[in-house]
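Trainee:
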Amino acid sequence: GVGVFANRWSVAYRAINDANFVIKYLPLLDTVNTQRVPKTVPSSPTTFWADDIINQLKGEALFIRSFAYMELLRVYAYEPGKEVDGWDLGVILRDTPTEAVSSADFRARSTNLECYEFVENDLLEAISLLKTPTQLAGAGAWPASLGTISSTFRASKATAHALLARHYLYWGRYADADAQATLALSLIASPAPVNAAGYAASWGTVIHPESIFELEVRPTDFSGVTGPNDSMHSMTQNAISGSQYVMSASAELIAAHEATDVRRTVYVTNAQTLNKPQVRKWQGEKGSYVENIPVIRKSEMYLIQAESRARLGGNDAGAQTAVNTIRTNRGLTATTATGQALIDLIMNERRLEFAFEGHRFFDLKRLGMDIPKTAASGVATLPYTDFRILQQLPNDEVRLNTLLRQNPGY
């Protein structure tokens, strides 16, 4: 509901503030025999953190800050060069922590370009600090005092390259997007996407085999009144199981798949679904209606390569190679399309590949396109120039901070 969208702002800034705490205080660790140890530990500690661990932790904080800002920007701001009526405000930039209510300062929104440059710089620094996936998975990569966690749940050098590829794609810097996607794939031990035979089962696998970065979700992560009703599984389960069934595949979406496309298999219609196709990407495979969220997948890197090469022109063959890596692993024949037909095909591949993963609306928005709706939906198409393309900033934030300008139309 409305609360979810209002919380997006505050949740993102809490993550940014947490990251800023880490970034600020990591340099304050003492150096002991070329290793670092927190000031708060005993004078004769038994565990030391080497410089590479400190660098990894700072890189992770920079990655988290970048991701939070990218989410804020795509919801509340236009992409640089796609502004409507000159509205170029981004969000509030903060690179130091707010440590107490008394130290809170009110700031105005930076421009969207300033925000995009801020994120770019954060990710470039993160890349210079983070370990590769192979290094993260290696024996002794982490001190025992920091616990054990899958490398897929941590930011790595590959993860940061992948997020920067997405950032450049939104920015329209296609050569840079292609280069970063290529670097991300080069650092992954098994870069091939899931094949057609394994596609359906991959969505019931804890740690999706295509995940470059995955958000771990546990039953204990849900609290309050709604609990796991906020999980993706609960929002897409069949209509008889509960009233929270709020997302289903449209007939138009299913019809957009070719007959042999294995991606059709994640949409199930039967008596229990009341003839509304259930989305089987989110199966609650961890129990208690919970599943992890693949945030960045290998497939995205191939489709970033494909789109970037096609839009730059002069490399249709390279674009075909990238998009066909996806098509042939989804039960489809390789395409020989060129020019605008190739671009259209790639955008349709993105639509089908990432359905119900939070990409489609923002793909259309970053390109300055209308948000189409079918007559059957009973909802009118939303023109790109409509103010509702941008989300409303939380009114409480605007009332509290007189420097914070609300988006037009609200």
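Throughout, the working numbering is defined as the position within the sequence shown, counted from one, plus 119.
A virtual CB, placed ideally from N, CA and C, is assigned to each residue, including glycine.
1) Report the rounded CA-to-CA distance for Asn414 versus Ala219, giving the unit in angstroms.
2) At the level of alpha carbons, what is the spacing between Asn357 and Gln397?
3) From the DSSP output, which residues share a beta bridge with Phe332?
4) Give the DSSP-derived three-state secondary structure of Gln525 in the structure shown.
5) At the level of alpha carbons, what is the spacing between Ala277 and Glu468?
6) CB-CB under 6 Å to Asn139, same chain, minus the five flanking residues each way: which ones, in chain order?
7) Quick one: grab the DSSP three-state call for Asn240.
8) Anyone know if the C-beta pair for Trp290 and Ala298 falls short of 9 Å?
9) Within a Cβ cutoff of 8 Å, which residues of the same chain sit near Thr384, ignoring the five residues on either side of it in sequence?
10) Looking at C-alpha atoms only, which residue of Trp168, Asp170, Ser247, Ser269 is the closest neighbour of Phe182?
11) Between Gln254 and the rest of its own chain, which residues show a CB-CB distance below 7 Å, the 5 nearest in sequence each way excluded?
12) Please tell me whether Ser185 and Asp137 are closer than 9 Å, where the distance is taken between their beta carbons.
13) Can you give me the Cβ contacts of Ile412 inside the same chain, cut-off strictly under 8 Å, excluding the 5 residues immediately before and after it?
14) Taking just the CA atoms, how far does Leu282 sit from Thr534?
15) At the level of alpha carbons, what is the spacing between Ser269 and Val442?
16) Quick one: complete alpha helix (DSSP H) runs, 4+ long, within the region 453-480?
17) Quick one: Cα of Pro527 to Cα of Val498, how far?
18) In the DSSP output, what is Thr230 paired with across the bridge?
19) Between which two residues does the alpha helix (DSSP H) carrying Pro199 extend?
20) Out of Val313, His280, Leu212, which one is the CA nearest neighbour of Glu244?
21) Can you name, in chain order, every residue of its own chain whose Cβ lies under 7 Å from the Cβ of Ala390, other than the five neighbours on each side?
22) So Arg273 is in the alpha helix (DSSP H); what residue range does that whole segment cover?
23) How is Ile490 classed by DSSP in three states: helix, strand or coil?
24) Where Arg273 and Ile172 are concerned, what is the direct C-alpha to C-alpha distance, given to the nearest angstrom?
25) For Val385, write down the residues that DSSP places opposite it in a beta bridge.
26) My assumption, with CB atoms under 8 Å, is that Arg271 sits in contact with Ser330. Please give the rounded CB distance.
27) Which residues bound the alpha helix (DSSP H) around Tyr503?
28) Alpha carbon to alpha carbon, how far is Arg228 from Phe475?
29) What separation, rounded to the nearest whole angstrom, lies between the Cα atoms of Ser304 and Glu419?
30) Please identify the residue among Arg226, Glu410, Ser222, Asp482 whose C-alpha is closest to the C-alpha of Arg524.
31) For a test of the three-state rule: what should DSSP assign to Val398, helix, strand or coil?
32) Closest by CA to Arg416, which one among Ser367, His478, Leu461, Thr457?
33) Leaving out five residues before and five after Asn448 in sequence, what residues of the same chain have Cβ atoms less than 8 Å from its Cβ?
Mentor: By the coordinates alone:
1) Here residue 414 refers to the residue found at position 295 when the sequence shown is read from its first residue. Here residue 219 refers to the residue found at position 100 when the sequence shown is read from its first residue. First, the amino acid is wrong: residue 414 is Val here, not Asn. Taking the straight line from one Cα to the other gives about 32 Å.
2) Position 238 of the sequence shown holds residue 357. Position 278 of the sequence shown holds residue 397. Per-residue confidence for Asn357 stands at a pLDDT of 49, beneath the threshold of 50, marking its modelled position as unreliable; the derived number appears in the next sentence. For Asn357 and Gln397, the distance between alpha carbons rounds to 6 Å.
3) Sequence index remark: in the sequence shown, residue 332 carries index 213 (1-based). Ile415.
4) As a working note, residue 525 is residue 406 in the sequence shown. Three-state DSSP puts Gln525 in coil, outside helix and strand.
5) By one-based count along the sequence shown, residue 277 stands at place 158. By one-based count along the sequence shown, residue 468 stands at place 349. Taking the straight line from one Cα to the other gives about 23 Å.
6) Residue mapping note: residue 139 aligns to position 20 of the sequence shown, counting from 1. Around Asn139: Thr215, Pro216.
7) Taking the first residue of the sequence shown as position 1, residue 240 is located at position 121. Three-state result, Asn240: helix.
8) In the sequence shown, counting from the first residue as 1, residue 290 sits at position 171. In the sequence shown, counting from the first residue as 1, residue 298 sits at position 179. Contact: no.
9) Along the sequence shown, read from residue 1 onward, the residue named residue 384 stands at position 265. The residues are Tyr318, Ala319, Arg399.
10) Translated into positions along the sequence shown, residue 182 becomes position 63. Looking at the Cα atoms, Ser247 is the closest of the given residues.
11) Residue numbering aside, residue 254 sits at position 135 when the sequence shown is read from its first letter. Excluding sequence neighbours, Gln254 sits near Ala260.
12) Position 66 of the sequence shown, counting from 1, holds the residue named residue 185. Position 18 of the sequence shown, counting from 1, holds the residue named residue 137. Result no, Cβ atoms of Ser185 and Asp137 do not sit closer than 9 Å.
13) On the sequence shown, residue 412 is found 293 positions in, with the first residue counted as 1. Closer than 8 Å at the Cβ level, and outside the excluded window around Ile412, lie Glu333, Leu334, Val336, Met351.
14) Because the chain is modelled from 120 through 529, residue 534 falls outside the range shown and cannot be assessed.
15) Position 150 of the sequence shown holds residue 269. Position 323 of the sequence shown holds residue 442. When rounded, the distance between both Cα atoms is 29 Å.
16) 458-472
17) Taking the first residue of the sequence shown as 1, we reach residue 527 at position 408. Taking the first residue of the sequence shown as 1, we reach residue 498 at position 379. The alpha-carbon atoms of Pro527 and Val498 are separated by roughly 22 Å.
18) In the sequence shown, the residue the question calls residue 230 occupies position 111. Note: Thr230 sits in a beta bridge opposite Leu208.
19) By one-based count along the sequence shown, residue 199 stands at place 80. Counting along the chain, Pro199 falls outside any alpha helix (DSSP H), and DSSP gives it neither H nor E.
20) Here residue 244 is taken as the residue at index 125 of the sequence shown, counted from 1. Residue His280 is the option with its Cα nearest to Glu244.
21) As a position in the sequence shown, residue 390 is number 271, starting the count at 1. Bear in mind that the predicted position of Ala390 carries a pLDDT of just 47, short of 50, making it unreliable; the figure below should be weighed with that in mind. Cβ within range, chain order: n/a, list empty.
22) In the sequence shown, the residue the question calls residue 273 occupies position 154. Segment: none, Arg273 is in no alpha helix (DSSP H) and carries neither H nor E.
23) For this step, residue 490 is matched to residue 371 along the sequence shown. Strand at Ile490.
24) Position 154 of the sequence shown, counted from the first residue, corresponds to residue 273. Position 53 of the sequence shown, counted from the first residue, corresponds to residue 172. For Arg273 and Ile172, the distance between alpha carbons rounds to 13 Å.
25) Sequence index remark: in the sequence shown, residue 385 carries index 266 (1-based). Per DSSP, none; premise fails for Val385.
26) What you label residue 271 is simply residue 152 of the sequence shown in a count that begins at 1. What you label residue 330 is simply residue 211 of the sequence shown in a count that begins at 1. A small correction: the amino acid at residue 271 is Thr; Arg does not occupy that position in the sequence shown. Contact holds; Cβ gap of about 5 Å.
27) Taking the first residue of the sequence shown as 1, we reach residue 503 at position 384. Segment: none, Tyr503 is in no alpha helix (DSSP H) and carries neither H nor E.
28) As a first step, residue 228 is located in the sequence shown; it is residue number 109 there, counting from the start. As a first step, residue 475 is located in the sequence shown; it is residue number 356 there, counting from the start. Computed Cα separation, rounded: 30 Å.
29) In the sequence shown, the residue the question calls residue 304 occupies position 185. In the sequence shown, the residue the question calls residue 419 occupies position 300. According to the sequence provided, residue 304 is Leu. The question's Ser does not apply to it. Roughly 10 Å between the two C-alpha positions.
30) Counting from one through the sequence shown, the residue named residue 524 turns up at place 405. The shortest C-alpha separation from Arg524 is found at Arg226.
31) What you label residue 398 is simply residue 279 of the sequence shown in a count that begins at 1. Reduced to three states, the DSSP call for Val398 is strand.
32) Along the sequence shown, read from residue 1 onward, the residue named residue 416 stands at position 297. Comparing Cα positions, the closest option is His478.
33) The residue labelled residue 448 in the question sits at position 329 within the sequence shown. Cβ neighbours of Asn448 beyond the five flanking positions: Ala311, Pro312, Val313, Asn314, Ala315, Tyr318.
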